[in-house]
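Below: the structure, in structure tokens.
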Amino acid sequence: MEAKSSNRCSFWLPKKKRSCANTRIESSMFCGNHSQRLEGQWIPCPIDPSHSVLQENLEWHVKRCPLLKQTVELSGQRFYQKGINAGNDEEEEKMGSCSLVTSEMKRNLLYSMSVSKFHQLIKKIEDVHGGICKDIEDSYLSPEACNIWFNKEIDRKLPFQEKHVLQQGSILGNLEEIGVLKRCNINVECCESDLEEKDDNTAPAVVEFGAGRGYLTQMLADCYGIKKVYLVERKSYKLKADRSLRQKESLVLERMRIDIEDLNLNAVESLHGVPYVAVGKHLCGPATDLSLRCCLSRQDGESPVLRGLAIATCCHHLSQWKSYINKEYILSLGISKDEFHIMTSFTSWAVDDDHGSKLPGVDDIDLLDSK
Numbered sequence: 001m002e003a004k005s006s007n008r009c010s011f012w013l014p015k016k017k018r019s020c021a022n023t024r025i026e027s028s029m030f031c032g033n034h035s036q037r038l039e040g041q042w043i044p045c046p047i048d049p050s051h052s053v054l055q056e057n058l059e060w061h062v063k064r065c066p067l068l069k070q071t072v073e074l075s076g077q078r079f080y081q082k083g084i085n086a087g088n089d090e091e092e093e094k095m096g097s098c099s100l101v102t103s104e105m106k107r108n109l110l111y112s113m114s115v116s117k118f119h120q121l122i123k124k125i126e127d128v129h130g131g132i133c134k135d136i137e138d139s140y141l142s143p144e145a146c147n148i149w150f151n152k153e154i155d156r157k158l159p160f161q162e163k164h165v166l167q168q169g170s171i172l173g174n175l176e177e178i179g180v181l182k183r184c185n186i187n188v189e190c191c192e193s194d195l196e197e198k199d200d201n202t203a204p205a206v207v208e209f210g211a212g213r214g215y216l217t218q219m220l221a222d223c224y225g226i227k228k229v230y231l232v233e234r235k236s237y238k239l240k241a242d243r244s245l246r247q248k249e250s251l252v253l254e255r256m257r258i259d260i261e262d263l264n265l266n267a268v269e270s271l272h273g274v275p276y277v278a279v280g281k282h283l284c285g286p287a288t289d290l291s292l293r294c295c296l297s298r299q300d301g302e303s304p305v306l307r308g309l310a311i312a313t314c315c316h317h318l319s320q321w322k323s324y325i326n327k328e329y330i331l332s333l334g335i336s337k338d339e340f341h342i343m344t345s346f347t348s349w350a351v352d353d354d355h356g357s358k359l360p361g362v363d364d365i366d367l368l369d370s371k
């Protein structure tokens with residue numbers, strides 16, 4: 001037991017209150033994750049910057065990076081167009097620089113504000129919100145069409161979490177409420193969209209952005225007779241809904257492993273001229289804007305026909321001025337680019353139990369006295 005523990009990494013994990021369980025590197029007290037990384041020794045992988053490699057191993061790694069094969073395959077797809085939904089040069093000229101702003105840069109913008117400027121911004125946000133959001137109401141729906149999911153009358157092999165099922169049901173219920181979806185009769189194979197032509201009895205196709213494992217689309221297929229499905233997701237997941245969806249008779253499924261920023265939906269051949277509904281649950285930060293750009297890009301006679309769209313947003317603190325789709329509107333409200341980024345930083349406070357302590361040199365009483 002003692003010999004076994006001596007091979008373990010000595011790095012202490014304060015949150016877990018124990019040492020790291022990984023095996024240490026020879027001639028070091030720590031594992032590869034916790035050994036000291038000398039400046040310049042580790043560099044971001046040029047294919048996938050989300051991980052780093054030793055500079056001396058770079059040439060070897062580039063030939064074997066797991067993302068290399070996917071990148072090569074993706075570059076050959078017609079619907080791949082690097083940065084097509086990221087914004088354009090014309091926007092940058094009119095609205096100012098659109099470079100990526102990190103969370104640390106956003107916090108620095110906030111901390112550099114004087115207390116009076118801080119309160120001016122808060123008042124501006126409250127005034128704008130009061131003027132444009134007074135007519136917005138919550139619309140939480142539980143459509144009858146989704147009862148087989150609400151009542152757990154589904155295949156036991158499908159994962160069931162009540163919170164997610166209720167959220168997904170409300171998204172679909174609101175689409176039904178505005179007439180984009182129409183519930184199926186039990187004996188009818190296909191649903192009919194109120195927005196489609198009378199002689200077309202097929203349901204619209206579904207494009208799910210940030211699809212993850214695809215269970216929002218699974219509910220759509222189960223409850224609304226959807227027959228054509230496109231799942232857009234840049235990551236790889238286990239336990240996907242794909243296997244269950246492919247078992248449905250006459251359902252056509254296409255999963256596109258691609259970043260939404262690079263997806264040219266007009267170039268997806270099987271979607272040409274097809275009416276579709278776009279959905280997304282938990283599209284983090286700029287992914288919402290990228291999805292909107294993707295759906296609202298210039299269209300021609302062969303382009304897919306957008307019937308409706310429903311997106312549940314999240315992670316607003318990750319939003320970027322670069323990809324934000326309605327810069328002119330924000331500027332018309334008197335909110336600058338820097339104030340936009342500070343506002344996005346504010347949104348993280350909803351899940352931060354002690355954000356006030358991070359304001360340098362400013363006590364709560366100082367903020368109260370300055371009002």
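Counting along the sequence shown from 1, when you hit position 360 you're at 360 in full-length UniProt numbering, and nothing is skipped either side.
Ideal Cβ positions, reconstructed from N, Cα and C, are used throughout, including at glycine.
message: Need the endpoints of the beta strand (DSSP E) that residue 276 sits in, please.
response: As a working note, residue 276 is residue 276 in the sequence shown. It spans 275-284 - the beta strand (DSSP E) in which residue 276 sits, taken as one unbroken run.
query: What residue from 42, 296 and 287 has the CA that sits closest to residue 50's CA?
result: Position 50 of the sequence shown, counted from the first residue, corresponds to residue 50. It is 42 whose Cα lies nearest to the Cα of residue 50.
task: To the nearest angstrom, report how far apart residue 12 and residue 223 are at their CA atoms.
output: For this step, residue 12 is matched to residue 12 along the sequence shown. For this step, residue 223 is matched to residue 223 along the sequence shown. Between residue 12 and residue 223, the C-alpha separation is close to 50 Å.
query: Can the beta-carbon of residue 105 be found less than 9 Å from the beta-carbon of residue 168?
result: As a working mapping, residue 105 is identified with position 105 in the sequence shown. As a working mapping, residue 168 is identified with position 168 in the sequence shown. No; because the gap between Cβ atoms is not below 9 Å, this pair is not in contact.
message: Helix, strand or coil for residue 219? Go by DSSP, reduced to three states.
response: Here residue 219 is taken as the residue at index 219 of the sequence shown, counted from 1. Residue state, collapsed to three classes: helix.
field: Alpha-carbon spacing of residue 112 relative to residue 118, whole angstroms
entry: Here residue 112 refers to the residue found at position 112 when the sequence shown is read from its first residue. Here residue 118 refers to the residue found at position 118 when the sequence shown is read from its first residue. Roughly 10 Å separates the two Cα atoms.
Residue 71, enclosing alpha helix (DSSP H) - first and last residue: In the sequence shown, residue 71 corresponds to position 71, counting from 1. It spans 66-75 - the alpha helix (DSSP H) in which residue 71 sits, taken as one unbroken run.
field: Whole-number beta carbon distance between residue 302 and residue 273, since they are thought to touch under 8 Å
entry: In the sequence shown, residue 273 corresponds to position 273, counting from 1. In the sequence shown, residue 302 corresponds to position 302, counting from 1. Between residue 302 and residue 273 the Cβ distance is about 6 Å, and since that is below 8 Å, they are a contact.
field: Nearest candidate by alpha-carbon position, reference residue 221, set 279, 53, 140 and 294
entry: Here residue 221 is taken as the residue at index 221 of the sequence shown, counted from 1. Among 279, 53, 140 and 294, the Cα nearest to that of residue 221 is on 279.
field: Length at least 3, wholly inside the stretch 303-329: the beta strand (DSSP E) runs in chain order
entry: 305-314
query: Which residue comes first and which comes last in the alpha helix (DSSP H) that contains residue 58?
result: Numbered from 1 along the sequence shown, position 58 holds the residue referred to as residue 58. 58-62 is the extent of the alpha helix (DSSP H) around residue 58.
- request: Work out the CA separation of residue 173 and residue 139 for me, nearest whole Å.
  value: Along the sequence shown, read from residue 1 onward, the residue named residue 139 stands at position 139. Along the sequence shown, read from residue 1 onward, the residue named residue 173 stands at position 173. Each residue's Cα considered, the two are about 9 Å apart.
query: Where do the ends of the beta strand (DSSP E) carrying residue 254 lie?
result: Here residue 254 is taken as the residue at index 254 of the sequence shown, counted from 1. 252-256 is the extent of the beta strand (DSSP E) around residue 254.
task: Please name the residue or residues paired with residue 18 in a DSSP beta bridge.
output: Within the sequence shown, residue 18 is the residue found at index 18, counting from 1. Paired residues: 13.
- prompt: With 16 other CB atoms within 10 Å as the buried threshold, where does residue 281 fall?
  reply: Taking the first residue of the sequence shown as 1, we reach residue 281 at position 281. The residue is buried, with at least 16 neighbouring Cβ atoms inside 10 Å.
message: In whole angstroms, give me the CA-to-CA distance for residue 216 and residue 327.
response: Along the sequence shown, one-based indexing puts residue 216 at 216. Along the sequence shown, one-based indexing puts residue 327 at 327. Near 30 Å, if we compare the C-alpha coordinates of residue 327 and residue 216.
message: Across the stretch 327-338 and the stretch 117-133, are there enough close Cβ pairs to call them in contact, namely three or more that are closer than 8 Å?
response: yes
- prompt: Going by Cα to Cα distance, which pick from 145, 318 and 252 is closest to residue 181?
  reply: The residue given as residue 181 occupies position 181 in the sequence shown. Among 145, 318 and 252, the Cα nearest to that of residue 181 belongs to 145.
query: Between the stretch 230-248 and the stretch 306-322, do three or more beta carbon pairs fall short of 8 Å?
result: no
message: Less than 7 Å between C-beta atoms, sequence neighbours within five positions excluded: which residues of the same chain meet that for residue 46?
response: For the purposes of this step, residue 46 is taken as the residue at position 46 of the sequence shown. If we look at residue 46 and ignore the five residues flanking it on each side, its Cβ neighbours are 62.
message: Classify residue 14: buried if its beta carbon has 16 or more other beta carbons within 10 angstroms, exposed otherwise.
response: Sequence index remark: in the sequence shown, residue 14 carries index 14 (1-based). Exposed.
Coil, strand or helix - residue 383 by DSSP: Outside the modelled stretch of the chain, which goes from 1 to 371, sits residue 383, for which no answer is possible.
task: Would you identify the three-state DSSP class for residue 231, choosing helix, strand or coil?
output: Translated into the one-based positions of the sequence shown, residue 231 becomes position 231. Reduced to three states, the DSSP call for residue 231 is strand.
- prompt: Excluding five sequence neighbours on each side, which residues of the same chain lie with their C-beta closer than 8 Å to the C-beta of residue 155?
  reply: Working through the sequence shown from its first residue, we reach residue 155 at position 155. Same-chain partners within the cutoff: 244.
query: Taking the DSSP output, what are the residues bridged to residue 42?
result: The sequence position of residue 42 within the sequence shown is 42, counting from 1. Beta-bridge pairing links residue 42 to 54.
query: Out of curiosity, what's the CA-to-CA distance linking residue 201 and residue 225?
result: Position 201 of the sequence shown, counting from 1, holds the residue named residue 201. Position 225 of the sequence shown, counting from 1, holds the residue named residue 225. With a pLDDT of 45 at residue 201, under the threshold of 50, the modelled position of that residue is not reliable, and the figure given next carries that caveat. About 11 Å.
- prompt: Should residue 265 and residue 297 be called a contact, given that it needs their Cβ atoms to be closer than 9 Å?
  reply: As a first step, residue 265 must be located in the sequence shown, where it is residue number 265. As a first step, residue 297 must be located in the sequence shown, where it is residue number 297. Contact: yes.
Where residue 243 sits in the DSSP three-state scheme: Numbered from its first residue, the sequence shown carries residue 243 at position 243. Reduced to three states, the DSSP call for residue 243 is helix.
message: Using DSSP's beta-bridge definition, name the partner residues of residue 263.
response: In the sequence shown, residue 263 corresponds to position 263, counting from 1. Answer by DSSP bridge pairing, in chain order: 80.
message: What does the Cβ neighbour count give for residue 262, buried or exposed, with the cut at 16 atoms within 10 Å?
response: Taking the sequence shown and counting its residues from 1, the one referred to as residue 262 is at position 262. Looking at its Cβ environment, which holds 16 or more other Cβ atoms inside 10 Å, residue 262 is buried.
- request: For residue 324, count neighbouring C-beta atoms within 10 Å of its own C-beta (all shown protein chains included) and say buried if the count is 16 or more, exposed if not.
  value: Counted from its first residue, the sequence shown places residue 324 at position 324. Per the 10 Å Cβ criterion, buried.
field: First through last residue of the alpha helix (DSSP H) which encompasses residue 269
entry: As a first step, residue 269 is located in the sequence shown; it is residue number 269 there, counting from the start. Run containing residue 269: none; DSSP gives neither H nor E here.
- prompt: So which of 170, 344 and 163 has the shortest CA-CA distance to residue 121?
  reply: To locate residue 121, count along the sequence shown from 1; it is residue 121. Checking every option, the nearest Cα to that of residue 121 belongs to 344.
- prompt: In whole angstroms, what separates the C-alpha of residue 18 from that of residue 329?
  reply: Here residue 18 is taken as the residue at index 18 of the sequence shown, counted from 1. Here residue 329 is taken as the residue at index 329 of the sequence shown, counted from 1. Approximately 51 Å, taken between the alpha carbons.
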